Amino acid sequence: MKKANLVIIGSGPAGYTAAIYAARANLEPILFEGFFSGPAGGQLMTTTEVENYPGFPEGITGPQLMENCRNQALRFGTQILTEDVVDVEFSQHPFIVRGRENEFQAASVIIATGATANRLNIPGGNDGEFWQKGVTACAVCDGAMPIFRNRPLFVIGGGDSAVEEATFLTKFGSMVYLVHRRDKLRASKIMQQRALEHPKLKVIWNSEIISIEGDKVVQSVQIRNNLTQQITTHEAGGVFFAVGHTPNTAFLKGQLELDDKAYIKVQPGTCRTSKDLVFACGDVQDHVYRQAITAAGSGCMAAIEAERELSARGITA
Ligand SMILES: Cc1cc2nc3c(=O)[nH]c(=O)nc-3n(C[C@H](O)[C@H](O)[C@H](O)COP(=O)(O)OP(=O)(O)OC[C@H]3O[C@@H](n4cnc5c(N)ncnc54)[C@H](O)[C@@H]3O)c2cc1C
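First residue of the sequence shown: 355, per our numbering; consecutive thereafter.
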């Protein structure tokens, strides 16, 4: 079996940044960028403009940013494998990391597999329809875009992040509607109160968006009231899914401690997981910030921690 100082699993901003730092520290990292698990490059491959990543005053497209990161990782000697990791064994050291084709004995592992923003299958809201043409899953990322300004915006969800996103969007939309299929929000009392009292935020109870329509971008939504079955059409400038995220941790199969939502648990202020020499960075361990820059920052932390830990144990040069 092939040996590696460091195997990085995942290819978003966190994984590529970890690779850049690890490669420059002569760790000769192997990076599994995924294949069936999602587009190599991660969540930013599904978006258009990224306007909040420092260093690009005019903005940059998500795919271009990720191609730059990938090329930077390659430039310093990262070996990138276009396949998914299907299995890991952390109960022995060196660890075993199994891809669909390649298998490694790894002295250390960085997990950067991200979290997938959940989406609902609403006609008009899918790829090739109005996804990224007014339909998105990240208010903080996209809310300030011109297409959403002074337009009625619709947020789907009922938990804390839905309320948080809806409240955030009141800065940009003419009015924000939180569409919730029940008659009660799951969000904490304080968040609910803030939302319900906000003059630019209205909750549409017991209702679901059943279709999203437009021309080049979203222009309207149809909403069904689940109690009366009445369907109404509303002008809309944007639709934001806020129905949670699914961290990509299924392949770990109990090898690391996860929290109750299946995010990897790390020691506060570090990327250290419940297993020595296994680190986690980016959205797979972060349900608070979920931004490219924080993912990249924690990728840097994970690589530095791995390098120091390996050196301290005399495992690498
Ligand atoms: C629509 C949208 C727009 C966004 N816009 C912005 C923005 O403008 N600015 C901003 O800062 N943030 C934005 N974000 C958030 C940002 O994309 C994420 O915070 C960031 O991508 C997280 O990076 P990550 O490296 O942790 O994981 P991800 O980007 O999720 O990448 C994880 C990678 O790991 C791969 N992977 C998963 N499982 C495996 C496996 N078993 N084996 C191998 N590989 C695997 C996946 O395929 C994926 O390529 C946006 C998110 C979305 C959904």
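Ideal Cβ placement from N, Cα and C applies to all residues, glycine included.
As the structure is a prediction and not an experimental result, all values here were calculated from the model.
TODO: Could you say which of Q397, L381, V575, E518 lies nearest to P506 if we only look at CA atoms?
DONE: V575
_Quick check on this structure: which residue in P500, V361, L539 has the alpha carbon closest to the alpha carbon of Q433?_
V361
- Message: Does the beta-carbon of P393, which I'm using as the reference point, lie nearer than 7 angstroms to any heavy atom of ligand 1?
- Response: yes
Open item on the list: Taking the straight line between their C-alpha atoms, what separation do you get for G568 and E659?
Closed with: 48 angstroms
Subject >> Residues near A657 by beta carbon distance below 6 angstroms, same chain, minus five either side >> reply: A372, Y375, A376, listed in sequence order.
Review point. On the three-state DSSP scale, how would you describe A634?
Key: When DSSP states are grouped into helix, strand and coil, A634 belongs to the strand group.
request  = Could you name the residues of the same chain whose beta carbon sits closer than 7 angstroms to that of A616, not counting the 5 residues immediately before and after it, in chain order?
outcome  = P601, T603
Cα-Cα separation, G512 to V597
8 angstroms
Taking the alpha helix (DSSP H) that E659 falls in, what are its first and last residues?
646-666
Problem set entry | Sequence-distant residues of its chain with Cβ nearer than 6 angstroms to V571 (five each side left out) | K487, G488, I501
Problem - Runs of beta strand (DSSP E) wholly within the segment 518-550 (minimum 3 residues, chain order) - result: 529-533
*Is V363 near ligand 1, judged by its Cβ being under 7 angstroms from some heavy atom?*
The question names Val, but residue 363 in the sequence shown is Ile. Under cutoff, so the answer is yes.
Buried versus exposed, by CB contacts within 10 Å (16 or more), R424: buried
Just how far apart, CA to CA, sit A671 and S665?
Any reading at A671 must be qualified, since the residue scores a pLDDT of 49, below 50, and its modelled position is unreliable; the value itself is stated next. The alpha-carbon atoms of A671 and S665 are separated by roughly 7 angstroms.
- Message: When you compare the segment 621-634 with the segment 513-524, are there three or more beta-carbon pairs, one atom per stretch, that lie closer than 8 angstroms?
- Response: no
So what does DSSP say about I669, is it helix, strand or coil?
coil
Can you have a look at V642 and say buried or exposed, based on whether 16 or more other CB atoms are within 10 angstroms of its CB?
exposed
Open item on the list: What does the alpha-carbon distance come out to for the pair D637 and G409?
Closed with: 21 angstroms
- Item | At least three beta-carbon pairs within less than 8 angstroms, the segment 464-474 to the segment 385-401 | yes
Q) Should V533 and S561 be called a contact, given that it needs their Cβ atoms to be closer than 8 angstroms? A) yes
*Three or more C-beta pairs below 8 angstroms linking the segment 492-501 and the segment 386-395*: no
Assuming G416 is part of the alpha helix (DSSP H), what are its boundary residues? G416 -> alpha helix (DSSP H) spans 416-429.
Return the chain-ordered list of same chain residues with a C-beta closer than 8 angstroms to the C-beta of L606, the five sequence neighbours on each side being excluded. V442, I465, L612, I618
Looking at the unbroken beta strand (DSSP E) that takes in Y452, where does it start and where does it end? The displayed chain sequence assigns Arg, not Tyr, to residue 452. Where R452 is concerned, the enclosing beta strand (DSSP E) stretches over 449-453.
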